[in-house]
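The structure appears right after this line, and notes come after that.
Printed below as a string of structure tokens:
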């Protein structure tokens, strides 16, 4: 059933990286700094952007060809996270249309919040720096025992907003966002303007597929 045939939500929850915020430039810069320190050429941004939502695992995999089960991975992961933490919002911005879209949600009395797999050590400083400090709730990757695609973070967000899960929609740019939303009992929206990994969002079976943030308003 199309979302505009469903009950108007009381809240809309958003993924952060690749959905509200274009953080890939700073994430790519951090992993390329690691390559520079090792005398390696930079990995092209076009190869890093699609995996930005996967964090250290995706970026180290793309830049170094190293998986988490490789004995070299953990040292690289620690170095990457420390490097990224030192320069969180240098080139990162909100996606075009996000500010206006969130303002319309506020105007319509629809609460909104952030549910991300990004750890709170990054989320807590980044969210206000990038202009999202007025979110109704912020649930990070380490807020609950399980990150997405487990539904726990989304259920935590609904609880913080004092709403039932089915009263919320979830918007994200990765398959695990849609899986988490579905598991939590929330209508789901695929953000095709985001990073999307290497899987076409048309295949995710989300309740709706949008190509720019302000299209969300047409569903309300």
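Residue numbers (the working numbering): 923 to 1142.
Just so it is clear, CB atoms sit at the ideal spot from N, CA and C, and this is done for glycine as well.
Residue from the options with nearest C-alpha to residue i
i: residue 1108; options: 948, 1046, 1085 and 1069; result: 1085
i: residue 934; options: 1075, 1090, 956 and 945; result: 1090
i: residue 1063; options: 1050, 1003, 1045 and 996; result: 1045
i: residue 971; options: 1126, 944 and 1133; result: 944
i: residue 936; options: 1120, 1124, 1067 and 1098; result: 1098
i: residue 1074; options: 1093, 1088 and 1102; result: 1102
i: residue 1127; options: 1136, 989, 954 and 1100; result: 1100
i: residue 1135; options: 958, 1111, 1120 and 1123; result: 1111
i: residue 941; options: 1116, 979, 1019 and 952; result: 1116
i: residue 959; options: 1031, 1121, 1113 and 1001; result: 1001
i: residue 1118; options: 980, 954 and 1032; result: 980
i: residue 1113; options: 1083, 1019 and 1003; result: 1019
i: residue 961; options: 986, 946 and 1120; result: 986
i: residue 1065; options: 1043, 977, 1083 and 953; result: 1043
i: residue 1083; options: 1049, 1121, 1032 and 1003; result: 1032
i: residue 988; options: 1022, 946 and 953; result: 953
i: residue 969; options: 1081, 984 and 978; result: 984
i: residue 1121; options: 1081, 973 and 992; result: 973
Residue i - containing beta strand (DSSP E), residue span
i: residue 1132; result: 1130-1132
i: residue 1116; result: Segment: none, residue 1116 is in no beta strand (DSSP E) and carries neither H nor E.
i: residue 1049; result: Taken as a continuous stretch (DSSP letters only), residue 1049 belongs to no beta strand (DSSP E), being part of the alpha helix (DSSP H) at 1042-1051.
i: residue 934; result: 933-936
i: residue 1031; result: Per DSSP, residue 1031 belongs to no beta strand (DSSP E) and is neither H nor E.
Beta-bridge partners of residue i, as assigned by DSSP
i: residue 965; result: Beta-bridge pairing links residue 965 to no other residue.
i: residue 1094; result: 1112
i: residue 988; result: DSSP output for residue 988 lists no bridge partner at all.
i: residue 943; result: 939 and 1016
i: residue 1060; result: 1036
Run of the alpha helix (DSSP H) containing residue i, from where it starts to where it stops
i: residue 1019; result: First-last for residue 1019: undefined, no H or E at that position.
i: residue 1082; result: 1074-1082
i: residue 996; result: 995-1007
Cβ-Cβ distance between residue i and residue j below 8 Å
i: residue 1071; j: residue 1025; result: no
i: residue 948; j: residue 1014; result: yes
i: residue 998; j: residue 956; result: yes
i: residue 1076; j: residue 1067; result: no
i: residue 1052; j: residue 1011; result: yes
i: residue 1131; j: residue 1124; result: yes
i: residue 1079; j: residue 1061; result: yes
i: residue 1142; j: residue 930; result: yes
i: residue 975; j: residue 939; result: yes
i: residue 1093; j: residue 1139; result: no
Cβ of residue i within 8 Å of any chain D Cβ
i: residue 1084; result: No chain D is part of this structure, which consists of one protein chain only.
Q. Is it true that the segment 1057-1065 meets the segment 1033-1049, where meeting means three or more beta-carbon pairs spaced less than 8 Å apart?
A. yes
Q) Given 8 Å as the limit, is there contact between the segment 1002-1013 and the segment 963-975, that is, 3 or more CB pairs closer than that? A) no
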